[in-house]
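Inspection log for the structure reproduced underneath, given as structure tokens.
2 protein chains.
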Amino acid sequence: MFDLDLRSRKPIYEQLVDKFKELIIKEVIQADEKLPSVRTLARQMTINPNTIQKAYRELESQGYIYSLKGKGSFVQAFSEKASQEELIKVKEKLKAAVSEALYLGMTRADIESLLQEIDESTGGGIIDDKTSGSK
Amino acid sequence: MFDLDLRSRKPIYEQLVDKFKELIIKEVIQADEKLPSVRTLARQMTINPNTIQKAYRELESQGYIYSLKGKGSFVQAFSEKASQEELIKVKEKLKAAVSEALYLGMTRADIESLLQEIDESTGGGIIDDKTSGSK
DNA sequence: TTAACTGTACTAAGGATACTAATACAGTTA
DNA sequence: TAACTGTATTAGTATCCTTAGTACAGTTAA
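Line by line, the protein sequences are chains A and B. Counting in full-length UniProt numbering, the first sequence runs from 1 upward without gaps. Counting in full-length UniProt numbering, the second sequence runs from 1 upward without gaps.
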């Protein structure tokens with residue numbers, strides 16, 4: 001399902017969190033869609049269920065998914081996300097990255113075009129094989 | 001000198017790296033200016049010299065400072081920085097942060113104004129108490 | 001009800017990493 | 001020479017990640 005770097009200094013559960021965030025943000029997995037179960041995914045990736053669980057717990061606390069005992073874990077619908085805390089964190093990340101990028105030689109134009117690129121590939125753009133995916 | 005969170009999960013030396021990057025980027029410390037010595041800073045902050053050294057080693061490998069045995073550590077002049085590797089890393093950071101920000105509800109306009117803000121406070125803007133700081 | 005699935009919680013053990021500590025060597029400067 | 005600087009090494013402790021095993025609770029279908 002994913003390609004993880006088991007030898008990375010970055011913890012597996014954090015890599016999982018990032019991967020899932022990316023899939024959710026790019027709407028590869030959509031609202032209320034079921035995520036693989038903790039045990040299934042653990043078996044598939046030959047890592048411990050506890051590690052998956054830790055990733056899911058983190059995703060839930062960040063508002064990206066919700067879990068129902070006995071049923072499974074599901075992608076949180078868009079509107080209910082965006083806790084104030086998470087927003088502040090992301091803003092800080094953004095500031096740091098932009099500052100560093102500018103310092104390392106990227107121009108405002110470079111950054112703007114990157115912004116453009118992402119903006120298209122995320123919310124507004126790709127309606128690929130579904131013309132109006134209303135539920 | 002800084003406010004560090006000794007209890008954070010983020011290693012002290014990484015916090016130091018970030019702080020120094022920020023100071024260098026904002027030109028609070030300028031090119032060829034001397035950084036506090038490993039031992040002095042360690043004494044001031046009541047942490048181990050080795051931790052400071054680790055931070056300095058990291059900053060040097062990223063091209064932000066240079067060190068001279070017996071003399072000290074100094075801010076690297078602008079032009080010589082910007083290794084291709086670092087640029088790629090920053091671009092990835094930027095992409096992730098922008099995607100997440102958009103997803104959490106920030107608009108392009110929000111991000112643009114943040115960009116504007118940073119752009120002013122970095123290279124072009126503040127020439128505060130020095131009118132033309134030519135060395 | 002039963003069986004098989006789901007999430008969740010807990011304890012224990014190992015391995016890796018961060019940090020501290022102490023010491024040593026080499027170059028610079030007054 | 002003395003006091004500063006960076007750099008390197010070794011060792012011990014603490015913390016975190018990951019695995020492993022077990023257990024409990026809710027859901028679903030036979």
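Beta carbons are placed, not taken as given, at the ideal position from N, Cα and C, and that holds for glycine.
The straight-line gap separating the alpha-carbon atoms of valine 38 of chain B and lysine 10 of chain A is approximately 28 Å. For the C-beta of threonine 122 of chain B, the chain A residues within less than 8 Å are, from N- to C-terminus, Ser99, Leu102, Tyr103. As the crow flies, the alpha-carbon of phenylalanine 74 of chain B is around 26 Å from that of lysine 93 of chain A. Contact of aspartate 119 of chain A with chain B by beta-carbon distance below 7 Å involves Leu102, Arg108.
Approximately 14 Å separates the beta-carbon atoms of valine 90 of chain B and leucine 115 of chain A; this is outside 8 Å, ruling out the contact.
Residue-level contact check: lysine 10 of chain A does not touch chain B, since none of the beta carbons of chain B fall below 9 Å from its beta carbon. Note on geometry: alpha-carbon atoms of serine 67 of chain B and isoleucine 88 of chain B lie some 25 Å from one another.
Under the DSSP definition of a beta bridge, valine 75 of chain B partners with B:Ile65.
Shown here for alanine 101 of chain A: same chain residues with a beta carbon closer than 8 Å to its own, the five before and five after excluded, namely Asp110, Ile111 in chain order.
Counting the other CB atoms within 10 Å of its CB gives glutamate 86 of chain A a total of 16 or more, which places it among the buried residues.
The alpha carbon of isoleucine 47 of chain B has as its nearest neighbour, out of B:Gln84, B:Tyr64, B:Glu27, B:Gln15, the alpha carbon of B:Gln15. In this structure phenylalanine 2 of chain B is exposed. Its beta-carbon is surrounded by fewer than 16 other beta-carbon atoms within 10 angstroms. Out of B:Leu104, B:Ile52, B:Gly105, the CA that lies nearest to the CA of lysine 19 of chain B is found in B:Ile52. Non-local beta-carbon contacts of glutamine 62 of chain B in its own chain, meaning distances under 7 Å to residues more than five positions away in sequence, involve Glu86 in chain order. Among the residues of chain A, those whose CB is under 7 Å from the CB of isoleucine 25 of chain B are Ser99, Glu100, Tyr103, following chain order. DSSP lists A:Phe74 as the beta-bridge partner residues of lysine 34 of chain A.
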